[in-house]
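To start, the structure itself, in structure tokens.
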Amino acid sequence: MTARTPLWPILTDPLLRQNPVTLQILGICSALAVTTSLATAITMCVSLTVVVTLAAGLISTIRRHIPDSIRLIVQIVIIASLVIVIDQVLQAYFAEISRTLSIFVALITTNCLVLGRTESFARHNAPLPAMTDAFGNGLGYSLILVIIGGLRELFGQGQLLGRQVLPLAEEGGWFTPLSLMLLAPSAFFMLGGLVWAIRSIRPEQAEVPEHMPPRAEPAE
Amino acid sequence: MSELWPLFLRATFVENMPLSFFLGLCTFLALSRRPETAMGLGLAMILVLGVTVPLNKIVYDAVLAAGAWGWAGLPEIDLSYLSLIAFIGVIAATVQLIEMLTDRYLPAVHAAFGVFLPLLTVQCAILAGSLFMVERQYSLAESAVFGLGAGTGFAIAVVMLSAVRSRLAYADLPAGLRGLGITFIFTGLLSLGFASFALMAAE
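Respectively, the protein sequence lines represent chains H and Y. In this text, residue positions in the first sequence follow the working numbering: the first is 1, and each later residue adds one. In this text, residue positions in the second sequence follow the working numbering: the first is 1001, and each later residue adds one.
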């Protein structure tokens, strides 16, 4: 039991308190590109979580045998091999989604989140905590992606997972799709708002101002 | 020649890597605090993309593409699923080579690149350049122009963002919005501006 207690915070910390996307600025590249609909966002989340968990497990298992000078290359090769497997699986069984994701599955290889976790955590820890940490970070990433993907699909097309939720104005309903939601800028706005929301709930995450305004002289 | 210039403009503005495709955002956001660092990063991006995309094109055609081994009597071999590992290898080697060469012959340039050059090995935009090149089946000249254009687009965007961010340091913002939050929102505005290039291209 004593060995199991420290795993829980490792798993839950990355969800809000140490969220990889909103606090550590890791893995944003792919996070925004695939969130035009919920289905692609979920596929991406699952692929990334699988890759990061397996990569952390593998790297932490062989961590004592990797020479320090070539560790980056070893890590990238392991990650790239896992990504190729995922990519082939997606192409074989989910051809439709694989086409919408185009090169973004392949780009998991260079996703800073994966490399960041293997480099900073898996390299120094036993396989079980390493995989827990990676899984938690995968979940934290997924949380953000699902929120953004869901909102964008809901307001951009009035759909969730391809099912019409809000009745469209053209078909007698009241909802007019906001086409801006499907374009790139809205993802940035939404992520900015999300960061703001999380940091308002947890004020300790707010960044220290670089510049303090000169204190106003008390009026005489 | 007449087709290369539009391709360059297209890669620079319409298909801007960070603002339209969200590629390379990690470095884009992390290193855009000061205009000086952003310049270094932008230059390194132009150089690395300009070199690796045509290089990967050569590697892809010679080794990986379907039927590339036809001359050896193995026409049915298709190694394109290995392109990820091959591209990463080429990029890592190129980055290392550029670093060693500039360190030896152009120390001033090397100092300007700073720590960014090694970081670019794992930059999504660089790998994406090569992957797009395969997906869109560019010729060798086209891929070189595409690489240079994509790098230029990244450099322009990152320098613009850093100029604004160095000003934003003096703004009185709500605590939660400070830093990352406002940067995202501002990047969104920039991206909105670049989206209008796409409209212009469509006309």
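C-beta: ideal position from N, C-alpha, C; glycine also. Being a predicted model, the structure only gives us computed values, none of them experimental.
Amino acids of chain Y, ordered along the chain, whose beta-carbon sits closer than 7 Å to that of residue i
i       : result
S200(H) : G1176
W196(H) : G1176, L1177, G1181
L145(H) : Chain Y residues near L145(H): none, gap ~12 Å exceeds 7 Å.
Within 8 Å, strictly: CB atoms of residue i and residue j
i        : j        : result
I1185(Y) : F155(H)  : no
L161(H)  : L48(H)   : no
Q88(H)   : Y1060(Y) : no
T40(H)   : L1127(Y) : no
V1053(Y) : G1153(Y) : no
A55(H)   : I78(H)   : yes
I1088(Y) : A80(H)   : yes
L113(H)  : I144(H)  : no
L182(H)  : F175(H)  : no
M190(H)  : L151(H)  : yes
V1014(Y) : A1198(Y) : yes
L1031(Y) : L1047(Y) : no
V52(H)   : N125(H)  : no
A1038(Y) : V1122(Y) : no
L1161(Y) : I1182(Y) : no
R63(H)   : A122(H)  : yes
L115(H)  : Q75(H)   : yes
I148(H)  : T35(H)   : yes
R1165(Y) : R1033(Y) : yes
Within chain H, the residues that residue i reaches when beta carbons sit closer than 7 Å
i        : result
Q1123(Y) : T110
Y1081(Y) : I84, Q88
S1191(Y) : A184, P185, F188
G1042(Y) : Neighbours of G1042(Y) on chain H: none; closest Cβ ~17 Å, over 7 Å.
I1088(Y) : I76, A80, T109
L1084(Y) : A80, V83, I84, A106, T109
Chain Y contact residues for residue i, given Cβ-Cβ distances below 9 Å
i       : result
C45(H)  : By Cβ distance, chain Y contributes nothing, its closest Cβ being about 16 Å from C45(H), past 9 Å.
G192(H) : L1177, L1180, G1181, I1182, T1183, F1184, I1185, F1186, T1187, G1188
A41(H)  : Within 9 Å Cβ-Cβ: nothing; A41(H) doesn't reach chain Y, min ~13 Å.
P203(H) : A1175, G1176
Beta-carbon separation (whole angstroms), residue i vs residue j, contact threshold 8 Å
i        : j        : result
P1018(Y) : L1025(Y) : 6 Å
L1117(Y) : V1095(Y) : 6 Å
C1124(Y) : C45(H)   : Going by Cβ atoms, the distance from C1124(Y) to C45(H) rounds to 17 Å, so no, they are not a contact pair.
P6(H)    : G140(H)  : Actually they do not touch by this definition, with Cβ atoms about 18 Å apart.
G1149(Y) : F1008(Y) : 4 Å
L1079(Y) : V1090(Y) : Not a contact, Cβ separation roughly 14 Å.
I59(H)   : T118(H)  : 5 Å
V1145(Y) : L1049(Y) : Rounded, the Cβ-Cβ distance is 11 Å, inconsistent with contact.
V50(H)   : I86(H)   : 6 Å
P185(H)  : G1188(Y) : 4 Å
Host alpha helix (DSSP H) of residue i (start-end)
i        : result
L178(H)  : No alpha helix (DSSP H) holds L178(H); DSSP gives it neither H nor E.
G149(H)  : 127-157
F1132(Y) : 1124-1135
E1036(Y) : 1035-1059
F1105(Y) : The question names Phe, but residue 1105(Y) in the sequence shown is Tyr. Y1105(Y) -> alpha helix (DSSP H) spans 1083-1105.
I86(H)   : 71-93
T61(H)   : 38-61
W254(H)  : Chain H is shown from 1 up to 220; residue 254(H) falls before or after that span and cannot be answered.
A1171(Y) : From DSSP, A1171(Y) is part of no alpha helix (DSSP H); its letter is neither H nor E.
E119(H)  : 112-120
S1020(Y) : 1017-1020
F104(H)  : Unbroken run through F104(H): none, as it is neither H nor E.
Classification of residue i by the beta-carbon crowding that lies within 10 angstroms, buried from 16 upward
i        : result
R199(H)  : buried
A3(H)    : Annotation note: pLDDT 45 at A3(H) (below 50); position unreliable, no value reported.
I1058(Y) : exposed
A130(H)  : buried
D133(H)  : buried
S1083(Y) : buried
A1093(Y) : exposed
M1(H)    : Residue placement at M1(H) is poorly supported in this model, since its pLDDT is 37, which falls under 50; the coordinates are not used for a value here.
Y1170(Y) : exposed
W196(H)  : buried
Y1138(Y) : buried
L1055(Y) : buried
M1045(Y) : buried
M1200(Y) : exposed
M1133(Y) : buried
I201(H)  : exposed
G1193(Y) : exposed
Chain H residues whose Cβ lies nearer than 9 Å to that of residue i
i        : result
Y1060(Y) : Chain H residues near Y1060(Y): none, gap ~14 Å exceeds 9 Å.
L1127(Y) : I103, A106, L107, T109, T110
Interface partners of residue i on chain H, CB under 8 Å
i        : result
I1046(Y) : Within 8 Å Cβ-Cβ: nothing; I1046(Y) doesn't reach chain H, min ~18 Å.
I1098(Y) : Within 8 Å Cβ-Cβ: nothing; I1098(Y) doesn't reach chain H, min ~17 Å.
L1029(Y) : I25, I28
Interface residues of chain Y facing residue i [CB-CB closer than 8 Å]
i       : result
V165(H) : Chain Y residues near V165(H): none, gap ~25 Å exceeds 8 Å.
L32(H)  : F1022, L1025
I73(H)  : A1092
L15(H)  : Going along chain Y, no residue has its Cβ under 8 Å from L15(H), so there is no contact; the nearest lies around 18 Å.
Near the ligand MN: residue i beta-carbon under 7 Å from a heavy atom
i        : result
D1103(Y) : With respect to the ligand MN, the structure offers nothing, as it holds no ligand at all.
7 Å Cβ cut-off: residues of chain C touching residue i
i        : result
G1024(Y) : No chain C appears in this structure, whose protein chains are H and Y.
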